[in-house]
Amino acid sequence: MRNNHFNLPLDSHFKRPIIYTEERVMRFTLLAVAAALTMVSLPVLAGNVAVADSQTAIMATDAAKKTFDKLNADMKPQRDRLDTLRKDIAGFEEKFQKNASVMSDKDKRELQKQAEAKINEFKSLADAVQKRAQEVQQEMLKSLIPKTEVVVEELRKAGNYDIIIEKKNVIFADPSVDLTKKITEKLNAAK
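Numbering (the numbering used here), first residue to last: 148 to 338.
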């Protein structure tokens, strides 16, 4: 047991002296005041506040819809092939479950080899389709984000907003301060 050189009461759990000082009380008080100040509502500090979901606004534009419709049309053969592969793989699984008890080891290996080939083709094609979709989305965003920033600034000035907050960062906002639809409308009008 450690010596208590100062004859102070010991904290029973940590076996160290409990020190009550004005400095410690002052630090705690300052910390409590600082915490209380940070809890002050942002709208009270900001004045006129609005929210917007920029991603939803962009994806709802005519340009985005047109881009994704074209992508879907271009990728239809790949999606059809993925559906065929999915059915083939399910067929291999079903065949194996039904006939495994009567199949020879050689037949099982052959069936497994065929299934693995289809699975590998499926994964490869699915990765290619996903990569292409991401590339198209990035190209679209690259062209629409600068336009969106201009529209948001126009709406900020027109509505005399001090702050426009991304909607996903807000727990609750009255629908009357949501600018998402207005952003989409202005982007569609800008073309």
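Glycine included, C-beta positions come from ideal geometry on N, C-alpha and C.
Remember, it's a predicted structure, so these values are computed and weren't measured experimentally.
Bridge partner(s) assigned by DSSP for residue i
{"i": "Ala199", "result": "Glu313"}
Assigned secondary structure, residue i (DSSP; H/G/I helix, E/B strand, else coil)
{"i": "Asp221", "result": "helix"}
{"i": "Asp325", "result": "strand"}
{"i": "Gly194", "result": "coil"}
{"i": "Ile330", "result": "helix"}
{"i": "Leu155", "result": "Confidence is the limiting factor: at Leu155 the pLDDT is only 47, short of 50, which leaves the residue's position unreliable and the question unanswerable from this model."}
{"i": "Ile236", "result": "helix"}
{"i": "Arg214", "result": "Residue 214 is actually Thr in this sequence, not Arg. Reduced to three states, the DSSP call for Thr214 is helix."}
{"i": "Phe319", "result": "coil"}
{"i": "Thr208", "result": "coil"}
Distance between residue j and residue i (C-alpha atoms, nearest Å)
{"i": "Ile310", "j": "Met206", "result": "23 Å"}
{"i": "Ile330", "j": "Lys265", "result": "45 Å"}
{"i": "Met250", "j": "Asn316", "result": "58 Å"}
{"i": "Asp227", "j": "Asn335", "result": "32 Å"}
{"i": "Leu258", "j": "Phe243", "result": "8 Å"}
{"i": "Gly194", "j": "Glu300", "result": "17 Å"}
{"i": "Leu232", "j": "Gln261", "result": "11 Å"}
{"i": "Asn307", "j": "Met222", "result": "44 Å"}
{"i": "Glu104", "j": "Val324", "result": "A query on residue 104 cannot be resolved here, the shown segment of the chain reaching from 148 to 338 and no further."}
{"i": "Pro293", "j": "Ala320", "result": "25 Å"}
{"i": "Ala220", "j": "Val298", "result": "30 Å"}
{"i": "Asp200", "j": "Leu218", "result": "24 Å"}
{"i": "Ala204", "j": "Lys328", "result": "6 Å"}
{"i": "Glu286", "j": "Phe215", "result": "12 Å"}
{"i": "Ile236", "j": "Lys304", "result": "57 Å"}
{"i": "Ala210", "j": "Pro322", "result": "25 Å"}
{"i": "Thr295", "j": "Lys278", "result": "25 Å"}
Sub-7 Å separation of residue i and residue j beta-carbons
{"i": "Thr314", "j": "Val196", "result": "The identity of residue 314 in the sequence shown is Lys, whereas the question assumes Thr. Contact: no."}
{"i": "Leu288", "j": "Leu326", "result": "no"}
{"i": "Leu291", "j": "Leu229", "result": "no"}
{"i": "Gln225", "j": "Val283", "result": "no"}
Below-7 Å beta-carbon distance, residue i vs any chain C residue
{"i": "Val196", "result": "Going by chain labels, chain C is absent from the structure shown, which holds only one protein chain."}
3 or more residues per run - each beta strand (DSSP E) lying fully within the segment 247–309: none
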